[in-house]
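In the UniProt record's numbering, the protein residues as written are 1 to 699.
Using N, Cα and C, we set each Cβ at its ideal position, and we do this for glycine too.
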């Protein structure tokens, strides 16, 4: 018995020694394998990643007389077969559904490389082989082909195109673009928001210039001002503010995406700017070769609603991807008195009545497609802005509203107090639009229900046409869309900073705000009083402009607000008319219309206010009713067969001429006629020197 016990003890000790020896050996093998992998990097790729179909066929080692298994399928799923059948299987089942990248094909794999959760059916457990792809960049396993394509695209967007298995030259990850003397780095696919974190659209250059001019005007009123770019992306807009306006502004660039915040910091260093990250006291300085820093920019990473709730600003710009309605309440909560809020909306499908249900959902507004759909979009946004400001006991004064092909820009000044809020809210009305002749008019003020709302329309389509002829649109902003004094000062800033693209549009906006077509354009810059320029329009800049808000003290600011309100009430008659008419939509069949500038002259001579509009290159903004508009257009149109005859009014009998005299408008100003073009001056003098109006407008 003792011998047996000794044998057992010896055996157990030998087993323990052997186990320790095996563990040490396995550890040494793992360490050697790690060293081998690191030394032999890049390591060998997976067998499912091949360049050509012939390379995949070599793995199967096809022979005519022997059965071979599939190298990418387990034997229990696909049994060994002859070469001709295996060839079709590899070609149709693996190669045709592969994902291509950098000349390689990632074929679908059925090998047990990926752990699949077992399915419990009754008392038995079944394990299903999962089809998957092996990523050539990060060696991850993806089940679906569409997910694999998206996975590869995310690698490409991040610049991670160098594979662990393939040695390829590293592509140029970032591109440096320059705009208005400001350099910014952009990621690949920077112009596609779905494919990049930091979106940069070169087509929005005009939008950025208009916002810069508005901020420059505010910076002249009071210094320094705190301004916020709530959606920084690449930081191009905030960098332009800080670089050109210098110590007049304290710029804060915000974005909720971490990659965008990193890119904004790098762009600040690229433009020799100091970066203040969040609210930390330590600044990251980036000095150039012998150059000094031009300013400090604060970069924050948080939601736009959060930062606008936490801090107060003098100037806020909102430019989200889509609608701005989700950020209006936060923007007006802490914005300072007499500050400016600008917002850019790019959801033009809903605003331009292509998706009417989306406009009803976002803005609570009923709209249809009309000839003045762009101005309708601007009034929809301003109505939403007015309601958001009124909820915070603030009123607004619209300074600028621009609607172009890609965006709608609205710039408003904030007036604190319940009285300005009530005055602004009263300007939100419904619009009655005739669907037959496209005549339109805002509903009258008051809560009383009218017996026949059609009587408000100047046209008589309801009496002559069967059924319901008009629709109610809105609620919309019924006030002015432009502030002439502010636009003049914006043009001065555009001239001072050399913003060539914004200058022609601002000239058109000034003429549209004044509703006049004048011959000369002069601007008295505060830096050069004698500076004049002859162009398509003429602007007078008064010395004592009521637009100046450089009055310190709360009581004096209140006086300025009251005076501004009184001035607005007295100048209501001088506001530009709402909406415009397209001359082509109301042309007469079989008649040749007069040239647009000559038609403006004829309409002005009839006693009406008239101007071009940036919303439509063939649009005419006038206070003339549609019936008188058509009468003037018919009178000066020539028959189609009389192409060789000189342009002029249609020669009618004396009786019909007497019956078709155009009545003059009550508010027409005869003294402005001296600025109009003469018949002998031609079209070149009266044409706006404005590249923003279509070249065909002069025809």
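Item                                                                                                                                                              : Value
Alpha carbon to alpha carbon, how far is residue 265 from residue 258? Give it in angstroms, no decimals.                                                         : 11 Å
Report yes if the CB atom of residue 297 is closer than 9 Å to the CB atom of residue 339, and no otherwise.                                                      : no
For residue 156, name the three-state secondary structure that DSSP assigns.                                                                                      : helix
Applying the 10 Å Cβ sphere with the 16-neighbour rule, what's the burial state of residue 80?                                                                    : exposed
Bridge partners of residue 179, per DSSP?                                                                                                                         : 182
CB residue 353 to CB residue 379, shorter than 9 Å?                                                                                                               : no
Per DSSP, which residues does residue 50 bridge with? Please list them.                                                                                           : 105
Which one or two residues does DSSP pair with residue 226 in a beta bridge?                                                                                       : 250
Can you list, in chain order, the residues of its chain whose CB lies under 6 Å from that of residue 418, leaving out five sequence neighbours each side?         : 393
I need the straight-line Cα distance from residue 591 to residue 449, nearest angstrom please.                                                                    : 43 Å
Check whether the Cβ atoms of residue 332 and residue 225 lie closer than 9 Å to each other.                                                                      : no
Whose CA, out of 613, 343, 247, lies closest to the CA of residue 373?                                                                                            : 613
I need the DSSP call for residue 411, collapsed to helix, strand or coil.                                                                                         : strand
Are the beta-carbon atoms belonging to residue 299 and residue 252 less than 9 Å from one another?                                                                : yes
With a threshold of 16 other CB atoms inside 10 Å of the CB of residue 98, please say whether the residue is buried or exposed.                                   : buried
Runs of 4 residues minimum, wholly inside the segment 433-481: which ones carry the alpha helix (DSSP H) assignment?                                              : 461-464
Helix, strand or coil for residue 612 per DSSP?                                                                                                                   : strand
Sorted by chain position, which residues of the same chain lie with C-beta nearer than 6 Å to residue 193's C-beta, five sequence neighbours on each side aside?  : 199, 321
Under 6 Å Cβ to Cβ from residue 654, same chain only, skipping five residues before and after it: list those, please.                                             : Any answer about residue 654 is weak, because its pLDDT of 40 lies below 50 and its placement is not dependable; what the coordinates show is given next. If we look at residue 654 and ignore the five residues flanking it on each side, it has no Cβ neighbours.
Just to confirm, is the Cβ distance from residue 395 to residue 420 under 9 Å?                                                                                    : yes
Do you know offhand how far residue 628's Cα is from residue 577's?                                                                                               : 15 Å
How big is the Cα-Cα spacing for residue 385 and residue 272?                                                                                                     : 37 Å
Any heavy atom of the ligand MN closer than 8 Å to the CB of residue 81?                                                                                          : The model on display carries no ligand, and the ligand MN is accordingly not part of it.
Based on the DSSP output, what are the partners of residue 342 in its beta bridges?                                                                               : 317, 411
Quick check: what's the CA-CA separation for residue 302 versus residue 75?                                                                                       : 54 Å
Can you tell me the Cα-Cα spacing of residue 235 and residue 409, whole angstroms?                                                                                : 19 Å
Give me the residue from 382, 412, 260, 508 with the minimum Cα distance to residue 185.                                                                          : 260
How far does the alpha helix (DSSP H) with residue 258 in it reach, from first residue to last?                                                                   : 258-270
Which same chain residues end up closer than 8 Å to residue 464 when comparing Cβ atoms and leaving out the 5 residues on each side of it in sequence?            : none
Could you pull out every residue in the same chain whose Cβ sits closer than 7 Å to the Cβ of residue 479, ignoring the five residues on either side in sequence? : 398, 427
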